[in-house]
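Protein chains in written order, with the numbering used here: chain A, 28 to 433; chain B, 181 to 274. Virtual Cβ for every residue (Gly too), placed ideally from N, Cα, C. Just so you know, these numbers come straight off a predicted model, no measurement behind them. Data first, discussion second: the structure below is written as C-alpha cells.
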C-alpha cells in the first residue's frame, strides 16, 4: 500500500481568497461571519453568513469559459489552480491518465438553479438559457477541473451533505493508496448563499440569528459559509521522486452511517467513523493531538460530538485540543471538510491550534479543551478532522505532519 | 421581412465571442471554433431577437432533411429568413 501525501493546497473562503490569507485569518482568530442581505422589496432577506468577499470571477476566467461556470465551479477551479501550481505537477498525457478528480459538493450548482427557477416562476420567462444544465449539474466542478488540467483518469463528485468533502478526500486517499492512480485532485466546493437555499435552511430551524458559537454555552445554531478547498494528493514515492515539497500525510479515513434519523446526529455513528479512521491510519487514540471538530454550533451536534469523542478517546480526550473553525469560515456544507483539512494542515505547519471563536462560556455538555477564542501555540503531530452530515453520513480524515517536517 | 447578414453576424459574434470581422457569409462555423453548446446559444439568441422559432435539435443537427444544417454563417442567415417568412405567413393565415 502506498503512503499518501499532500503536495498542494488551494483555498477560497470567507476568510481569504487564497491559502495564505486563510492561514493568517485562522491564526488571528478572525470570524468572517456577518450580515448578508439578498433580494429586495417584499422578498428581501437578511441572514448571518460567511460570504467569500471581493471575488471577481471575471478576473479569473475568460468570458467564454465563465458563462459555463456556476459559482461553485468557479470556487473549485480557483482553488485547484492554486493547489496544482503549488504542487509543481504538470499534467502530461501520461500523468493525466494516472490522475483522479474527486470533489465533494453538498448542493452542486445551487446558485444557477435558484436564479433559473426565479426567472421561470417569478419573472414568468417562458424558457431558460441553453447553458442552464451544464452550469447547474452537480458534477460540473469535477468536469471543469479535468478539462482545465488535461486529466483523463477517473473523475466524479460525491454528495454526502456536510460530509461530502471528507467522503471525497477519503475516496481519493483510497484510490491513491491502492495504486489505482498516482495522483488525485480532491476536496470540496460549495456556493449555497442564495435566496432559495437560505430560505430552505431557515425553515429547518437550525440557523443562528446571531453568530456561530461552537461548543459554547449560549450557542444558537449554525451559520452558512461558502468556498472551496482543493488538495493535490500523490503517493509519497511519487512526491519524493520529483523532490516535491510535502505539506502533510493523509494517514487514514473512516466512514460510517448513523442509520437512524435524517437530521438528528447519533453518538454511535460519529464514534464509529472516528474509530474506523484511527484503525485505517494505524493510530492509537493516544497518538492524536488535535481534532478539528465538525462543531456546527447547533445544540445537538456539539453535545453529541463531545460524547462521541469521549467514547473513542477515553482518558486521552481530556488531553486533546478540540476546536471548530466553523465560527471563523462558516459552515460551508460540502466544502466544510476540505476547508477544515486545510486549516488542520496549516495548523500543523505553523505550530498553532486554531481557536473556536465567538466562545462565550463553557457548556457542561461540551467539556473538552475547545481552545476558546484565541489560537494557541502547540505542536500538532497527528490530527483528525470530523464531518458528520445530515442524513447520518459520517466521514473522518486523519492527518500526520509532513514526514519532511520532523 | 428581411433579416440582414450583418444582424445575424452580430448575434453570432456576441454569443460565440468571435471577432465580427471573421464572420463573412462563407465563414465556416467549426473553423471559427464555434462549439455545439454555442450553436445552441446562438439559436436561442436569434429566436429572442427576431421573434421566431427555430426547430433546431442538437440530436438532428447533422440531418439535412430537417432543414436546419448550420455549417456557415450564410446557412444561418438563409434559415432565419426562411423561418421568419414562413412564420409571418402562418401568423397571417391564423
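Counterpart residues of residue i in DSSP-defined beta bridges
i: residue 186(A); result: Answer is none; residue 186(A) lacks a bridge partner.
i: residue 319(A); result: 350(A), 412(A)
i: residue 282(A); result: 422(A)
i: residue 393(A); result: 390(A)
i: residue 35(A); result: 259(A)
i: residue 399(A); result: 383(A)
i: residue 43(A); result: 40(A)
i: residue 343(A); result: None; residue 343(A) has no bridge partner.
i: residue 358(A); result: 251(A)
Residue i - DSSP class collapsed to helix/strand/coil
i: residue 420(A); result: strand
i: residue 217(A); result: strand
i: residue 370(A); result: helix
i: residue 161(A); result: helix
i: residue 292(A); result: coil
i: residue 84(A); result: helix
i: residue 433(A); result: Its pLDDT being 47, under 50, residue 433(A) is placed unreliably in this model, and the value from its coordinates should be taken loosely. Looking at residue 433(A) - three-state DSSP - the assignment turns out to be coil, as it is neither helix nor strand.
i: residue 193(A); result: helix
i: residue 75(A); result: strand
i: residue 385(A); result: coil
i: residue 257(B); result: helix
i: residue 265(B); result: helix
i: residue 249(B); result: coil
i: residue 209(B); result: coil
i: residue 193(B); result: helix
i: residue 220(B); result: helix
i: residue 62(A); result: strand
i: residue 208(A); result: coil
i: residue 404(A); result: strand
i: residue 306(A); result: helix
i: residue 57(A); result: coil
i: residue 428(A); result: strand
i: residue 183(B); result: coil
i: residue 287(A); result: coil
i: residue 67(A); result: coil
i: residue 203(B); result: coil
i: residue 179(A); result: coil
Closest by C-alpha distance to residue i, when choosing among the options
i: residue 347(A); options: 359(A), 333(A), 356(A), 353(A); result: 333(A)
i: residue 206(B); options: 189(B), 216(B), 195(B); result: 189(B)
i: residue 39(A); options: 351(A), 138(A), 153(A), 108(A); result: 108(A)
i: residue 44(A); options: 110(A), 67(A), 31(A), 420(A); result: 110(A)
i: residue 364(A); options: 151(A), 384(A), 377(A), 319(A); result: 319(A)
i: residue 378(A); options: 407(A), 413(A), 366(A); result: 407(A)
i: residue 64(A); options: 77(A), 55(A), 56(A), 286(A); result: 77(A)
i: residue 195(B); options: 157(A), 124(A), 106(A); result: 157(A)
i: residue 270(A); options: 29(A), 28(A), 30(A), 34(A); result: 34(A)
i: residue 42(A); options: 59(A), 28(A), 239(A), 32(A); result: 59(A)
i: residue 394(A); options: 115(A), 172(A), 241(A); result: 241(A)
i: residue 255(A); options: 36(A), 152(A), 103(A); result: 103(A)
i: residue 215(B); options: 181(B), 228(B), 238(B); result: 238(B)
i: residue 353(A); options: 57(A), 30(A), 47(A), 167(A); result: 57(A)
i: residue 29(A); options: 385(A), 315(A), 210(A); result: 210(A)
i: residue 193(B); options: 82(A), 49(A), 90(A); result: 90(A)
i: residue 127(A); options: 398(A), 392(A), 200(A), 100(A); result: 200(A)
i: residue 149(A); options: 315(A), 32(A), 247(A), 70(A); result: 70(A)
i: residue 121(A); options: 426(A), 261(A), 180(A), 153(A); result: 180(A)
i: residue 144(A); options: 331(A), 430(A), 222(A), 230(A); result: 222(A)
i: residue 355(A); options: 249(A), 189(A), 176(A); result: 249(A)
i: residue 373(A); options: 329(A), 429(A), 323(A), 415(A); result: 429(A)
i: residue 74(A); options: 313(A), 246(A), 335(A), 226(A); result: 226(A)
i: residue 119(A); options: 92(A), 173(A), 94(A); result: 173(A)
i: residue 189(A); options: 328(A), 308(A), 339(A), 375(A); result: 328(A)
Residue i CB to nearest heavy atom of the ligand ZN below 7 angstroms
i: residue 325(A); result: Judged by which ligands are present, the structure shown has none, so any question about the ligand ZN falls away.
Return the residues of the segment 212-233 of chain B that lie within a Cβ-Cβ distance of less than 7 angstroms from chain D, sorted by chain order. No chain D is part of this structure, whose protein chains are labelled A and B.
Identify every run of the beta strand (DSSP E) within the segment 233-279 of chain A, keeping only runs that are complete inside it and at least 3 residues long; order them along the chain. 254-262
In chain order, what residues of the segment 191-210 of chain B put their CB closer than 9 angstroms to some CB of chain A? 196, 197
What residues from the segment 149-174 of chain A come within 9 angstroms of chain B, judged by C-beta to C-beta, listed N to C? Within the segment 149-174 of chain A, the residues whose Cβ lies closer than 9 angstroms to some Cβ of chain B are 154, 156, 157, 158, 161, listed in chain order.
Contact set between the segment 71-102 of chain A and chain B, restricted to residues whose Cβ is under 7 angstroms from the partner: Those would be 90, 91, in chain order.
Report the residue ranges of all alpha helix (DSSP H) runs contained in full by the segment 95-170 of chain A; include only those spanning at least 4 residues, in chain order. 98-114, 120-124, 137-148, 159-163
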